[in-house]
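Novice:
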Amino acid sequence: MKSMVIKDFTTPTTIKKNEKLTIQISGVFSNKGWTMHEVKANVKQKEIILEVIAKQKAGMMYAQVTVPFSTPVEVEGLKRGTYIIKAIKGTTKTIEIEVT
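Residue numbers for the sequence shown follow our numbering, beginning at 5 and rising by one.
(1) Between the beta-carbon of Ile19 and the beta-carbon of Ala45, is there less than 8 Å?
(2) Report the partner residues of Thr105 according to the DSSP bridge assignment.
(3) Just checking, does the region 86–97 make contact with the region 59–69 on the three C-beta pairs under 8 Å criterion?
(4) What does the Cβ neighbour count give for Thr75, buried or exposed, with the cut at 16 atoms within 10 Å?
(5) Any idea what DSSP makes of Asn35, helix, strand or coil?
(6) Using alpha carbons as the reference points, say which of Val79, Phe13, Thr14 lies closest to Lys48.
(7) Rounded to whole angstroms, what's the CA-CA distance from Met5 to Phe33? Just pull it up for me.
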């Protein structure tokens, strides 16, 4: 299993407390052998760290062709305050959101 490159992510910049935050993540697999295994949005203090984990089918050879992916991830239970969202691998983009 391997962490995949996140090219971009989008989300609202303001939500209410107890509301689910939905983050849309997009990126690429390095070949057609990768499949999505898990999408994580880990909350650590005032940061939300995004990670897409994929697994590759064993024993197969694949052409080096990038395959785009797009998937949502939801975060619940955020307390009031300001959070910074960032990807663990890929884009250096950050988004600041406010929970009111």
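No residue lacks a Cβ here, since even glycine has one placed at the ideal position from N, Cα and C.
On a predicted model such as this, the values are computed, not experimentally measured, just so you know.
Specialist: On the basis of the data shown:
(1) Here residue 19 refers to the residue found at position 15 of the sequence shown. Here residue 45 refers to the residue found at position 41 of the sequence shown. Taking a C-beta distance under 8 Å as the contact criterion, Ile19 and Ala45 do not qualify as a contact pair.
(2) This structure does not reach residue 105, given that the chain is present from 5 up to 104, and the question cannot be answered.
(3) Output reads no: the region 59–69 does not touch the region 86–97.
(4) Here residue 75 refers to the residue found at position 71 of the sequence shown. Exposed: under 16 other Cβ atoms inside 10 Å.
(5) The residue labelled residue 35 in the question sits at position 31 within the sequence shown. Three-state DSSP puts Asn35 in coil, outside helix and strand.
(6) For the purposes of this step, residue 48 is taken as residue 44 along the sequence shown, with counting starting at 1. Nearest of Val79, Phe13, Thr14 to Lys48, Cα basis: Val79.
(7) Position 1 of the sequence shown, counted from the first residue, corresponds to residue 5. Position 29 of the sequence shown, counted from the first residue, corresponds to residue 33. Between Met5 and Phe33, the C-alpha separation is close to 12 Å.
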